[in-house]
Amino acid sequence: GLEESVAMVPTPAGCFPHLSEGMAMTFDPSAQPLKRIRSLTVAGREVEMSREYLIAINSLFNEIAADGIDMFHKAPRARLHGELIRDVVMNYLRTKRHVSGELPRRVCCVTE
16 GLEESVAMVP TPAGCFPHLS EGMAMTFDPS AQPLKRIRSL TVAGREVEMS REYLIAINSL
76 FNEIAADGID MFHKAPRARL HGELIRDVVM NYLRTKRHVS GELPRRVCCV TE
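Going by this note's numbering, the sequence shown opens with residue 16, and the numbers climb by one from there.
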């Protein structure tokens, strides 16, 4: 999933990842596609490849392998919440007193 989402870099693509707060990823765009991710952390700790993690994604990626992201299309669906992402984002923004617009730098491009 994440490797697929950075496989087309530097070509702009709708599948470029948007990570939630608490997650961070670095990748090398000059590396071979599907071998670009250099680090992936959750809450400051490296992701353990032997563990399973529950993720939330747009149902479009799960339903039709949107933007060529096949991994999420093949994965089992744990739960479908039924709300539109638009509504979830708007409800979240309504709870905030201030939104800075500052980029959080959760996805960083590195070159070696």
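Glycine residues also receive a C-beta, built at the ideal position from the N, C-alpha and C atoms.
For clarity, every value in this text was computed on a predicted model and none was experimentally measured.
Is there at least one non-hydrogen atom of the ligand MN closer than 6 Å to the beta-carbon of residue i?
i          : result
residue 20 : Here there are no bound small molecules, and the ligand MN is not part of this structure.
So which of the options has the shortest CA-CA distance to residue i?
i           : options            : result
residue 74  : 67, 57, 84 and 28  : 84
residue 67  : 116, 90, 96 and 82 : 90
residue 120 : 35, 78, 48 and 93  : 35
residue 57  : 65, 38 and 64      : 38
residue 100 : 71, 20, 93 and 82  : 71
residue 51  : 92, 65, 87 and 16  : 16
DSSP state of residue i, grouped into three classes?
i           : result
residue 40  : strand
residue 20  : helix
residue 74  : helix
residue 122 : strand
residue 26  : coil
residue 109 : helix
residue 83  : helix
residue 92  : coil
residue 66  : coil
Under the DSSP definition of a beta bridge, which residues are partnered with residue i?
i          : result
residue 56 : 39 and 61
Specify whether the stretch 119-126 and the stretch 38-47 touch according to this definition: at least 3 beta carbon pairs, one from each stretch, less than 8 Å apart.
Counting C-beta pairs with one atom in each stretch, the stretch 119-126 and the stretch 38-47 have three or more that are closer than 8 Å, which means they touch.
Cβ pair count under 8 Å reaching 3, the stretch 17-28 against the stretch 112-121
Judged by Cβ distances under 8 Å, the stretch 17-28 makes no contact with the stretch 112-121, as fewer than three pairs qualify.
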